[in-house]
Each structure stands twice: as structure tokens, then as C-alpha cells.
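Below: one structure, written as C-alpha cells.
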Amino acid sequence: DTGVSQDPRHKITKRGQNVTFRCDPISEHNRLYWYRQTLGQGPEFLTYFQNEAQLEKSRLLSDRFSAERPKGSFSTLEIQRTEQGDSAMYLCASSLTGQVNYGYTFGSGTRLTVV
Amino acid sequence: SQQGEEDPQALSIQEGENATMNCSYKTSINNLQWYRQNSGRGLVHLILIRSNEREKHSGRLRVTLDTSKKSSSLLITASRAADTASYFCATALSGGYNKLIFGAGTRLAVHP
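This is the structure we're talking about:
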């Protein structure tokens, strides 16, 4: 297990299309997080899973965004009817309950460009 | 929303010099963490300081935390060109599951 994997690394899509990103966390990590980062800004929280349960979703997240984590393993983030404002880096991170003195492990991100 | 705010936004120094970045936050925290991000990559965890700690060291990194002022600083000693990156502070809020809220970051450039 070499860390958190995200796929694809880059995605270019036309406005109005749907896109789906995948995240494979560290296998023993039960917590999974999605963040969005735009140029020159810090990561912005989108949503959090503990095992398969989605426990928090940012109020900033529109209904066009949905995330799943079936069976508590990998997670997918789907954006429907993409808009130019969705262009950003989408970051996934994972951690383990009880290891509060350790940070998150981040993936390399998926860079989305909506044209 | 972003709780942490880093200062300065950008820092340019020569190799061998020390780099100091500051972070301020607004609400009670469980811990505060610092991350590094190289251009176009994911974030790498550097160091974590708990709310009951005042100072922590890891290699060339020194972090301080002042909960009364709701501020933290990251010092990188004897900087190297490879330290060039963006540095973010992130606060884990009290209660809940230690959700991390990030600041906007400090962009550090270390020139050979």
C-alpha cells in the first residue's frame, strides 16, 4: 500500500458534462475526506466519510456534487452538469480513527478543467 | 470557509537562511498541523502540535502554538532550495472528528 491514489490525475471536460473521480485511501484508514483547491488558495472541505457513512457535507457544495464510499473502501466524487467554476484541484485524504496525533494522508489530486 | 490565515502570503529567501511563517485562527482547536505542497501536487503532513503543547521540533522544523493569541508559527532553519513550496496551516476543530480547516498558505521560494 503506497498511499492515497486518485484517478484520473487530469480531466478536461466540456461545460454541462458529468465527471467522476475516484479515490483509493490507505487500506486500513476508515476516514476519508474530499477537498477542493483553487489556484492560490488552501484546500476547502467538501465532505467526510467514516467507513461507508457520509457524516458531513459542506453547505457550499451544490446538489450537483455527490460522493459515495460503498463498502467503506474507495470513494467516488461525481459532479453533474459541470460549470466553469468547478475548475479546480480535487483532493482526497484519509486517516484512521484514534490516530488523532497524526495528520491526514493526501493523494496527488485530480485537476479538473471545465472548458 | 477558511479559519486559518497565514502571513506572509509569499516569502523569498536565500539558501541557508531561516524562514518563518505565521498562522492565525479563530475558534478553539484540538490541534494545529502544518502541511507542505509542491506545485501541482498533493499535500504532505509536516508536523502536528496539540492544543496543550507550546513548542514542537522535527528536524529543521520548529512549531510554536499560542492558544491565548490563537496563533502559530512555523520556522524552517537552514533552508534549502528543495524547501520551495507552499506551506499551509490547518486547524483540527474541538469536538467532532478533527475536521481540518486550511488557511490560504504561504508560498516560500528558496533561491540557491
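Residue numbers (the working numbering), protein chains in the order written: chain X, 1 to 115; chain Z, 1001 to 1112.
Glycine included, each C-beta is placed from N, C-alpha and C at the ideal position.
Predicted, not measured: the structure shown is a model, and the values here were computed from it.
Helix, strand or coil at residue i [DSSP, three-state]
{"i": "Ala1090/Z", "result": "strand"}
{"i": "Lys11/X", "result": "strand"}
{"i": "Ser1001/Z", "result": "Unreliable placement is indicated for Ser1001/Z, whose pLDDT of 46 sits below 50; the coordinate value is still reported in the next sentence. Residue state, collapsed to three classes: coil."}
{"i": "Lys1099/Z", "result": "coil"}
{"i": "Lys1026/Z", "result": "coil"}
{"i": "Asp63/X", "result": "coil"}
{"i": "Ala1078/Z", "result": "coil"}
Beta-carbon gap between residue i and residue j smaller than 8 Å
{"i": "Leu96/X", "j": "Asn51/X", "result": "no"}
{"i": "Leu77/X", "j": "Leu61/X", "result": "no"}
{"i": "Leu1100/Z", "j": "Tyr102/X", "result": "no"}
{"i": "Gly1103/Z", "j": "Gly42/X", "result": "yes"}
{"i": "Ile12/X", "j": "Thr113/X", "result": "yes"}
{"i": "Tyr33/X", "j": "Ala88/X", "result": "no"}
Anticipated Cβ contact below 8 Å, residue i with residue j, distance rounded
{"i": "Ser1071/Z", "j": "Cys1023/Z", "result": "7 Å"}
{"i": "Gln1033/Z", "j": "His1045/Z", "result": "6 Å"}
{"i": "Val4/X", "j": "Ile79/X", "result": "About 20 Å separates the two Cβ atoms, so there is no contact after all."}
{"i": "Gly1108/Z", "j": "Asp1083/Z", "result": "Looking at the sequence shown, residue 1108/Z is not Gly but Leu. Leu1108/Z to Asp1083/Z, Cβ: 6 Å. Contact."}
{"i": "Glu83/X", "j": "Arg36/X", "result": "Contact doesn't hold; Cβ gap of about 13 Å is too wide."}
(request) Determine which residues of the region 75-94 of chain X have a Cβ less than 7 Å from any Cβ of chain Z, and write them out in chain order. (result) From the region 75-94 of chain X, only Leu91 have a Cβ closer than 7 Å to chain Z.
(request) May I ask you to list, following chain order, the residues of the region 1090-1109 of chain Z that have a beta carbon less than 9 Å from some beta carbon of chain X? (result) Of all residues in the region 1090-1109 of chain Z, Ala1090, Ala1092, Gly1096, Tyr1097, Asn1098, Lys1099, Leu1100, Ile1101, Phe1102, Gly1103, Ala1104, Gly1105, Arg1107 have a Cβ within less than 9 Å of some Cβ in chain X.
(request) Only counting runs of 3 or more residues, tell me where the beta strand (DSSP E) segments fall wholly within the region 37-102 of chain X, in order along the chain. (result) If we require 3 residues or more, the beta strand (DSSP E) runs fully inside the region 37-102 of chain X come out as 44-50, 53-57, 65-68, 75-79, 88-95.
(request) Below 8 Å between beta carbons is the criterion; list the residues of the region 44-55 of chain X that meet it against any residue of chain Z, in chain order. (result) Close to chain Z, meaning a Cβ-Cβ distance shorter than 8 Å, are the following residues of the region 44-55 of chain X: Glu44, Phe45, Tyr48, Gln50, Leu55.
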